[in-house]
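J.:
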Amino acid sequence: MSAQAGWYPDPGGGQGLYRYWDGRAWSAATSPNPAAPPPVQSLGAVPPPAPATPVAYGQAAQSTGHTTPVYGHTGGQPSAYANYQAMTNKKRSPVGWWLGAAALLVVIMVVAAFVIRGITGGGTASTSPSNGQPTSRVCPPELTPTSSPPKPSDGRVHGGPVSYPQLGAPWSPPHGDDRVPFGSDVQTQDILVEPNYQAGSSWVASVLVGELAAGDGFFTPEQGSQIVVRCILGKFYGLNEVQSNVKVNRAATIDGHQAWLVESQLSFDIEGLRTKGELLIVAIVATGSTAGLFYASIPDTRPELVKPARDALRNLQVDD
15 MSAQAGWYPD PGGGQGLYRY WDGRAWSAAT SPNPAAPPPV QSLGAVPPPA
65 PATPVAYGQA AQSTGHTTPV YGHTGGQPSA YANYQAMTNK KRSPVGWWLG
115 AAALLVVIMV VAAFVIRGIT GGGTASTSPS NGQPTSRVCP PELTPTSSPP
165 KPSDGRVHGG PVSYPQLGAP WSPPHGDDRV PFGSDVQTQD ILVEPNYQAG
215 SSWVASVLVG ELAAGDGFFT PEQGSQIVVR CILGKFYGLN EVQSNVKVNR
265 AATIDGHQAW LVESQLSFDI EGLRTKGELL IVAIVATGST AGLFYASIPD
315 TRPELVKPAR DALRNLQVDD
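Add 14 to the 1-based position in the sequence shown for our numbering, that's all there is to it.
#1: Can you list, in chain order, the stretches of the beta strand (DSSP E) that have 3 or more residues and sit fully within the segment 211–250?
#2: Comparing C-alpha positions only, which one of 221, 200 and 196 sits nearest to residue 206?
#3: If residue 173 and residue 224 are in contact, beta carbons under 8 Å, what's the gap, nearest whole angstrom?
#4: Could you compute how far the alpha carbon of residue 25 sits from the alpha carbon of residue 304?
#5: Out of 44, 19 and 20, which one is the CA nearest neighbour of residue 31?
#6: Counting C-beta neighbours from all protein chains within 10 Å, is the total for residue 213 16 or more, i.e. buried, or is it exposed?
#7: Taking DSSP as the reference, what is the three-state secondary structure of residue 328?
#8: Considering only residues of the same chain and omitting the five flanking positions on each side of residue 288, which have a CB-CB separation below 7 Å?
#9: Taking a contact to mean a Cβ-Cβ separation below 8 Å, would you say residue 268 touches residue 330 in this structure?
#10: Using the C-alpha atoms, what's the distance from residue 264 back to residue 201?
#11: Skipping 5 residues on each side, what residues in its chain have a beta carbon closer than 7 Å to that of residue 184?
#12: If we ignore side chains and look at the alpha-carbon of each, how far apart do residue 239 and residue 18 end up?
#13: Please state if the CB of residue 272 and the CB of residue 235 are separated by a distance shorter than 8 Å.
#14: Between the Cα of residue 219 and the Cα atoms of 36, 47, 153 and 291, which residue gives the shortest distance?
#15: Which whole-angstrom value describes the C-beta separation of residue 227 and residue 154, a residue pair presumed to lie in contact below a C-beta threshold of 8 Å?
#16: My guess is that residue 41 and residue 53 are in contact by the Cβ rule of under 8 Å, so how many angstroms apart are they, rounded?
#17: Pull up the DSSP beta-bridge partners for residue 263, would you.
#18: Are the beta-carbon atoms belonging to residue 243 and residue 296 less than 8 Å from one another?
#19: Quick one: give me the first and last residue of the beta strand (DSSP E) that residue 45 is part of.
#20: Can you list, in chain order, the residues of its chain whose CB lies under 7 Å from that of residue 261, leaving out five sequence neighbours each side?
#21: If residue 286 sits next to residue 211, beta carbons under 8 Å apart, how far is it from one beta carbon to the other, in whole angstroms?
#22: Beta strand (DSSP E) containing residue 303: first to last residue?
#23: With DSSP as the reference, label residue 317 as helix, strand or coil.
#24: Give the range of the beta strand (DSSP E) segment to which residue 193 is assigned.
#25: Quick one: what's got a C-beta closer than 7 Å to residue 275's C-beta in the same chain, skipping five residues either side?
#26: Skipping 5 residues on each side, what residues in its chain have a beta carbon closer than 8 Å to that of residue 283?
#27: For residue 168, is the classification buried or exposed, using 16 other Cβ atoms within 10 angstroms of its Cβ as the cut-off for buried?
#28: Assuming residue 23 is part of the beta strand (DSSP E), what are its boundary residues?
#29: Give me the residue from 178, 187 and 217 with the minimum Cα distance to residue 324.
#30: State the Cα-Cα distance for the pair residue 20 and residue 217, rounded to the nearest angstrom.
#31: From the DSSP secondary-structure annotation, give me the bridge partner or partners of residue 202.
#32: Nearest-angstrom Cα distance between residue 51 and residue 29?
Here's what the structure looks like:
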């Protein structure tokens with residue numbers, strides 16, 4: 015698209031709304047006023063340098079502990095992601111003095127230790143079922159599977175607009191997966207970790223790539239990462255309590271493109287499963303009109319698989 019930068023009628027279908035085109039990509043923000051100043055950041059724009067240098071991954075340089083089917087997580091509860099979001103946004107959410115006083119009282123009486131950990135960085139978010147009922151609202155609506163274009167035979171695993179060098183044995187050959195509610199054109203590699211820990215369910219280590227499929231497609235990489243994490247924590251672990259100790263939640267540059275990286279150590283106790291935790295890695299890459307998705311989950315019982323997953327991320331690239 016070669017149109018001049020400016021506000022245009024929202025291609026996402028918003029009635030009476032305008033979306034900003036910066037000459038390369040659409041903004042995540044909309045406005046009812048076409049004369050408004052440009053938004054701070056559009057999907058494809060490279061943000062100004064952050065106080066801390068973002069992680070950068072160069073070219074050529076999941077599915078969390080998933081089970082079968084739908085990666086072994088059969089229900090969900092939104093409180094896990096709500097806690098995660100409250101923790102990661104704590105430093106960025108000023109409140110009035112009166113609200114702060116009320117919150118402080120609640121903190122002292124209810125969750126003082128948890129909030130202190132969140133303020134000092136990272137921290138542990140916890141969830142347990144509140145009403146015993148799973149919800150599908152934490153994930154984007156599932157898409158009707160469509161046939162994916164043939165993949166190049168170039169030694170890389172291609173999913174959506176991104177790819178990584180294919181992992182060797184004991185990783186499985188790349189294969190499609192249409193059960194990821196937040197991704198399309200997904201290709202994954204996995205390793206069976208605990209077969210049939212429950213009837214019909216097996217736990218695996220996974221690395222996958224695809225196109226992020228959510229909403230109207232207009233979001234920043236950070237917003238995209240929240241969509242994915244929300245779905246993972248809210249749906250993939252059934253009604254089991256999950257604790258999320260966020261290690262990384264920051265901007266990154268992947269193959270010269272704006273990206274957002276989230277890493278979290280998850281812990282849980284699921285009946286019949288020897289695995290009690292896993293490393294979750296999510297990267298969302300802005301690729302213009304779409305966003306690329308990288309997603310890995312490595313059970314704690316197979317720590318030697320962390321390096322291959324990190325190598326795949328380090329060598330992630332945007333396909334032309």
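Note that the Cβ used here is the ideal one computed from N, Cα and C, for glycine as well.
T.: Judging by the given coordinates:
#1: 215–226
#2: The residue labelled residue 206 in the question sits at position 192 within the sequence shown. Out of 221, 200 and 196, 221 has the C-alpha closest to the C-alpha of residue 206.
#3: Position 159 of the sequence shown, counted from the first residue, corresponds to residue 173. Position 210 of the sequence shown, counted from the first residue, corresponds to residue 224. The Cβ separation is near 4 Å, so the contact holds.
#4: Position 11 of the sequence shown, counting from 1, holds the residue named residue 25. Position 290 of the sequence shown, counting from 1, holds the residue named residue 304. If I take the Cα positions, the gap works out to 14 Å.
#5: Here residue 31 corresponds to residue number 17 of the sequence shown, with the count starting at 1. When each option's Cα is compared against that of residue 31, the closest is 44.
#6: Working through the sequence shown from its first residue, we reach residue 213 at position 199. Residue 213 is exposed by the Cβ-count criterion.
#7: Counting from 1 along the sequence shown, the entry for residue 328 is found at position 314. DSSP places residue 328 in helix when its eight states are reduced to three.
#8: Taking the first residue of the sequence shown as position 1, residue 288 is located at position 274. Counting only Cβ-Cβ distances below 7 Å, and skipping sequence neighbours, we find 208 and 315.
#9: For the purposes of this step, residue 268 is identified with residue 254 of the sequence shown, where counting begins at 1. For the purposes of this step, residue 330 is identified with residue 316 of the sequence shown, where counting begins at 1. Taking 8 Å as the Cβ cut-off, residue 268 and residue 330 qualify as a contacting pair.
#10: Counting from one through the sequence shown, the residue named residue 201 turns up at place 187. Counting from one through the sequence shown, the residue named residue 264 turns up at place 250. Rounded to the nearest angstrom, the two C-alpha atoms are 25 Å apart.
#11: Locating residue 184 in the sequence shown gives position 170, where the first residue counts as 1. Excluding five sequence positions before and after residue 184, the CB atoms of its chain that fall closer than 7 Å to its own CB belong to 205, given in chain order.
#12: Mapped onto the sequence shown, residue 239 falls at position 225. Mapped onto the sequence shown, residue 18 falls at position 4. If I take the Cα positions, the gap works out to 29 Å.
#13: Taking the sequence shown and counting its residues from 1, the one referred to as residue 235 is at position 221. Taking the sequence shown and counting its residues from 1, the one referred to as residue 272 is at position 258. Yes, they are a contact pair.
#14: Here residue 219 corresponds to residue number 205 of the sequence shown, with the count starting at 1. The shortest C-alpha separation from residue 219 is found at 291.
#15: Working through the sequence shown from its first residue, we reach residue 227 at position 213. Working through the sequence shown from its first residue, we reach residue 154 at position 140. Yes, residue 227 and residue 154 are in contact; Cβ-Cβ is about 6 Å, under 8 Å.
#16: Position 27 of the sequence shown, counted from the start, is the residue given in the question as residue 41. Position 39 of the sequence shown, counted from the start, is the residue given in the question as residue 53. Rounded, the Cβ-Cβ distance is 5 Å, consistent with contact.
#17: Your numbering for residue 263 matches position 249 in the sequence shown. DSSP lists 276 as partners of residue 263.
#18: Looking up residue 243 in the sequence shown gives position 229. Looking up residue 296 in the sequence shown gives position 282. Note that the C-beta distance between residue 243 and residue 296 is below 8 Å.
#19: As a working note, residue 45 is residue 31 in the sequence shown. Counting along the chain, the beta strand (DSSP E) containing residue 45 begins and ends at 40–45.
#20: Numbered from its first residue, the sequence shown carries residue 261 at position 247. Within the same chain, residue 261 has close Cβ partners 136, 277, 278 and 279.
#21: Position 272 of the sequence shown holds residue 286. Position 197 of the sequence shown holds residue 211. About 5 Å separates the two Cβ atoms, so the contact holds.
#22: Residue mapping note: residue 303 aligns to position 289 of the sequence shown, counting from 1. It is not in any beta strand (DSSP E) - residue 303 carries neither H nor E in the DSSP assignment.
#23: Stepping through the sequence shown from its first residue, residue 317 is reached at position 303. Residue state, collapsed to three classes: helix.
#24: Residue 193 sits at position 179 when you count from the first residue of the sequence shown. Element bounds for residue 193: n/a, residue is neither H nor E.
#25: Here residue 275 refers to the residue found at position 261 when the sequence shown is read from its first residue. These residues qualify, in order along the chain: 69, 262, 264, 266 and 297.
#26: Taking the sequence shown and counting its residues from 1, the one referred to as residue 283 is at position 269. So the qualifying residues of the chain are 254, 255 and 290.
#27: Here the question's residue 168 lines up with position 154 in the sequence shown. Exposed, since its Cβ has fewer than 16 Cβ neighbours within 10 Å.
#28: What you label residue 23 is simply residue 9 of the sequence shown in a count that begins at 1. Taken as a continuous stretch (DSSP letters only), the beta strand (DSSP E) holding residue 23 covers 20–23.
#29: On the sequence shown, residue 324 is found 310 positions in, with the first residue counted as 1. Of the candidates 178, 187 and 217, the one whose C-alpha sits nearest the C-alpha of residue 324 is 178.
#30: Reading the sequence shown from its first residue, position 6 is the one you call residue 20. Reading the sequence shown from its first residue, position 203 is the one you call residue 217. When rounded, the distance between both Cα atoms is 48 Å.
#31: Mapped onto the sequence shown, residue 202 falls at position 188. Answer is 189 and 222.
#32: Mapped onto the sequence shown, residue 51 falls at position 37. Mapped onto the sequence shown, residue 29 falls at position 15. Rounded to whole angstroms, residue 51 to residue 29 spans 20 Å at the Cα level.
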